[in-house]
Amino acid sequence: MEPIYWNCTIAHSITAFSYFGIPIVIGVFFTKTKATIPSKFWLAFFLSGGFVLFCGFHHFLAIFEPYMAVSLLHLAVLDVMAFISLSALLYLTPTSYQIVKAIAKSQEDTRELQRSQQMQQLFLDHGPFAAYIKDEQSRVLYYNQELQSRFSVDPQEWLGKTDSEFLPDPEEARRVMENDRVVLKTLRPLKLIEQVKIPGNNQPCYWLSFKFPFSDYATGAYRIGGISIDITESIEAQRSLTDLNRQLEEKTLELEAKKRELIYLSDMTDMLYSCESEDEVYQVVALTCSKLFPNMSGCVCIIANSKNYVQINSIWGDERSSKEIFSLSECWALRRGKLNLLSPRNTGLICSHLIEPVSGAHLCVPLFGQGELVGILHIYAPEQISPEVQQTSEIIARTLGIALNNLSIKQRLTHDSLRDGMTQLFNQSYMQSITEQRLAEAERSGQPLSIIFLDIDNFKSYNSRYGHVTANIVLQALAKLLLKSIRSFDIACRWGGEEFVIVMPNMTLETLRKRVEQLRLDIEQMQLKDGDQILQSITASFGIAVSEPGITVKDFLNRANQAMLEAKRTGKNRVREYINTYN
Numbered sequence: 155m156e157p158i159y160w161n162c163t164i165a166h167s168i169t170a171f172s173y174f175g176i177p178i179v180i181g182v183f184f185t186k187t188k189a190t191i192p193s194k195f196w197l198a199f200f201l202s203g204g205f206v207l208f209c210g211f212h213h214f215l216a217i218f219e220p221y222m223a224v225s226l227l228h229l230a231v232l233d234v235m236a237f238i239s240l241s242a243l244l245y246l247t248p249t250s251y252q253i254v255k256a257i258a259k260s261q262e263d264t265r266e267l268q269r270s271q272q273m274q275q276l277f278l279d280h281g282p283f284a285a286y287i288k289d290e291q292s293r294v295l296y297y298n299q300e301l302q303s304r305f306s307v308d309p310q311e312w313l314g315k316t317d318s319e320f321l322p323d324p325e326e327a328r329r330v331m332e333n334d335r336v337v338l339k340t341l342r343p344l345k346l347i348e349q350v351k352i353p354g355n356n357q358p359c360y361w362l363s364f365k366f367p368f369s370d371y372a373t374g375a376y377r378i379g380g381i382s383i384d385i386t387e388s389i390e391a392q393r394s395l396t397d398l399n400r401q402l403e404e405k406t407l408e409l410e411a412k413k414r415e416l417i418y419l420s421d422m423t424d425m426l427y428s429c430e431s432e433d434e435v436y437q438v439v440a441l442t443c444s445k446l447f448p449n450m451s452g453c454v455c456i457i458a459n460s461k462n463y464v465q466i467n468s469i470w471g472d473e474r475s476s477k478e479i480f481s482l483s484e485c486w487a488l489r490r491g492k493l494n495l496l497s498p499r500n501t502g503l504i505c506s507h508l509i510e511p512v513s514g515a516h517l518c519v520p521l522f523g524q525g526e527l528v529g530i531l532h533i534y535a536p537e538q539i540s541p542e543v544q545q546t547s548e549i550i551a552r553t554l555g556i557a558l559n560n561l562s563i564k565q566r567l568t569h570d571s572l573r574d575g576m577t578q579l580f581n582q583s584y585m586q587s588i589t590e591q592r593l594a595e596a597e598r599s600g601q602p603l604s605i606i607f608l609d610i611d612n613f614k615s616y617n618s619r620y621g622h623v624t625a626n627i628v629l630q631a632l633a634k635l636l637l638k639s640i641r642s643f644d645i646a647c648r649w650g651g652e653e654f655v656i657v658m659p660n661m662t663l664e665t666l667r668k669r670v671e672q673l674r675l676d677i678e679q680m681q682l683k684d685g686d687q688i689l690q691s692i693t694a695s696f697g698i699a700v701s702e703p704g705i706t707v708k709d710f711l712n713r714a715n716q717a718m719l720e721a722k723r724t725g726k727n728r729v730r731e732y733i734n735t736y737n
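For the sequence shown, the working numbering begins at 155 and goes up steadily by one.
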């Protein structure tokens, strides 16, 4: 019976070892992999583990029981159970390890997923941006703490509501929902800048919003995710930068305008320096004003020499806003000697020389020359005349005054250098230069140029009889007679002493003879007085010559002088003309 006993004992031992080994091995595996039993499976694990352990205790106690007779079938069942138990332990050991390892891996992945979800939730909830999720009807499913704090709402207040239900501006809500529909329709992300009104803030905020569609795997429905970043400071900074750029461009344009103004004023100064007459001065001023004030019109009005009226001298622009001739009393700038401005914003004094109906803006700036009032600079603008234009016009007026003074000095110097001091006729130097010019013109045009050389007869004895002062009076009276007797374009000069020369262009020889003969008679019949004293009359001898092609000034004057000397030799007080037979 001992074999049967030992067979039962070994079978129970192997079975008990297998039952004890299975939970021990699984426990070791759980410990090694740091896996944990899910809470919902604790009861199943507890019951199955208890069952296995109690089965093991059952077989372990059976080892120590006294021998009892068993049938061969019972013995076979014990042996098969021992074999299966040991085989299960050996087979389940690697398999259970893989299972426990898979459980540990799944639990680690679950924990990582939970941590990731928690980080995402923290990121969305506490990030410095607005985040939200909406359904297909634009109903809010989620919104983060940034939105809650911005709009002062609690975490549940907006859930299930559309934008039109909680945004204060209906138009703003309509735009937001329209953008949501575009995202759902195209199933593509949308990037845009939205203007949002925050309660309690009068200034709108600007958000850079990213809206994108995604599918809810739990329901299969599409959702709209959105993230908005407050870019109000960036927009304001950009606007400030734009304003600064605009101001910089304006300043640049102003500097360019000032540069052009300085160039125009500099050119005006250069041209004024080259002017030979007052009319040229006023034309230069009008030309400069047309460049400086292209959108305005105006004129330069000058007081007549009689001081009785004012007349327009030069104009610019398309509008005529002033009378052409008016009295000094009709302009407040002339009456006061100060600038007078009339504009819609400055209801000043209305000048009577303005053409009715008076509209727009008018500026009258007095012009001074040589210390006295000479006229006005009148400017007309359809709307306004800026302070800069007023300042520029005053600069022009002052520059004009300086130019007139310089012109007066220049003319005096020119007069003194070209005129004879006693008779105010041209002097010998000017006569020679102008005769050369007239000869060139005569040769080019084919018209003759005539010259008259006259000398007072017996003037030395006349001078000895009456004295130098009285003789000078006679010379001055003769000069006046010569100027009265010649044409405006003829030129008379004092050649020296009692000799005079007259240049007469475009005159035939026959006409010249008659004119000179009449001049000789006028001199002979001229009444001369020194105060109350009646002086002896004078006579003069004349020599005339007509130009020929290629003749020089020296030869031309010599011919007239020779003819005059011939008149002296043949009896004086007569006219002789140069002929080629004279040597």
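From the three backbone atoms N, C-alpha and C, an ideal C-beta is built for every residue, glycine too.
Under the three-state DSSP convention, the category residue i falls into
i, result
"GLN687", "strand"
"ARG730", "strand"
"ASN737", "Because the pLDDT at ASN737 is just 44, under 50, the model does not fix this residue reliably, and the value given afterwards should be weighed accordingly. Three-state DSSP puts ASN737 in coil, outside helix and strand."
"HIS166", "helix"
"GLU653", "strand"
"ILE352", "coil"
"ARG573", "strand"
"LEU344", "strand"
"GLY725", "coil"
"ASN312", "Residue identity check: residue 312 is Trp in the sequence provided, not Asn. Reduced to three states, the DSSP call for TRP312 is coil."
"PHE480", "strand"
"LEU682", "strand"
"ILE705", "coil"
"SER468", "strand"
"PHE277", "helix"
"GLU473", "coil"
"GLN268", "helix"
"LEU558", "helix"
"VAL254", "helix"
"SER303", "helix"
"SER260", "helix"
"GLN544", "helix"
Host beta strand (DSSP E) of residue i (start-end)
i, result
"SER604", "603-610"
"LYS365", "359-369"
"TYR296", "294-297"
"SER318", "Where SER318 is concerned, there is no enclosing beta strand (DSSP E), although the alpha helix (DSSP H) it sits in stretches over 317-320."
"ASN738", "Look at the range of the chain in this structure, 155 to 737, and you will see that residue 738 is not part of it."
"ILE287", "284-288"
Under 7 Å between C-beta atoms of residue i and residue j
i, j, result
"ASN467", "ILE457", "no"
"SER363", "GLU387", "no"
"GLY452", "TYR534", "yes"
"LEU508", "ALA551", "no"
"ALA714", "PHE580", "no"
"LEU232", "SER172", "no"
"LYS445", "TYR427", "no"
"ARG342", "THR316", "no"
"CYS485", "ILE539", "no"
"VAL464", "PHE447", "no"
"SER642", "LEU673", "no"
"LEU295", "ILE287", "yes"
"SER483", "HIS532", "no"
Supposed close pair residue i, residue j - CB separation, criterion 8 Å
i, j, result
"GLU652", "ILE698", "Not confirmed; about 18 Å, so no contact."
"PRO353", "SER382", "Wrong, their Cβ atoms sit about 16 Å apart, outside the cutoff."
"LEU344", "VAL336", "6 Å"
"ALA721", "SER701", "Not confirmed; about 20 Å, so no contact."
"ALA258", "LYS188", "6 Å"
"THR577", "ALA633", "4 Å"
"GLN524", "SER562", "6 Å"
"ALA170", "HIS213", "4 Å"
Endpoints, the alpha helix (DSSP H) within which residue i is located
i, result
"ASN333", "324-340"
"ILE698", "Looking at the DSSP string, ILE698 is not in any alpha helix (DSSP H); the run it does join, the beta strand (DSSP E), is 694-700."
"GLN591", "582-599"
Distance cut-off 6 Å: residue i Cβ against heavy atoms of the ligand ADP
i, result
"PRO322", "Here there are no bound small molecules, and the ligand ADP is not part of this structure."
message: Quick check for students: name the residue ranges of the beta strand (DSSP E) that lie wholly in the stretch 488-538, counting only runs of 3 or more.
response: 494-496, 515-523, 526-535
- request: Would you list, in sequence order, the uninterrupted beta strand (DSSP E) runs of no fewer than 3 residues that lie entirely inside the stretch 373-460?
  value: 376-384, 451-457
- request: With a floor of 4 residues, list each alpha helix (DSSP H) that falls wholly inside the stretch 168-247, ordered by position along the chain.
  value: 196-217
task: Jot down the residue ranges of each uninterrupted alpha helix (DSSP H) in the stretch 610-675, minimum 4 residues, whole runs only, in chain order.
output: 613-620, 622-639
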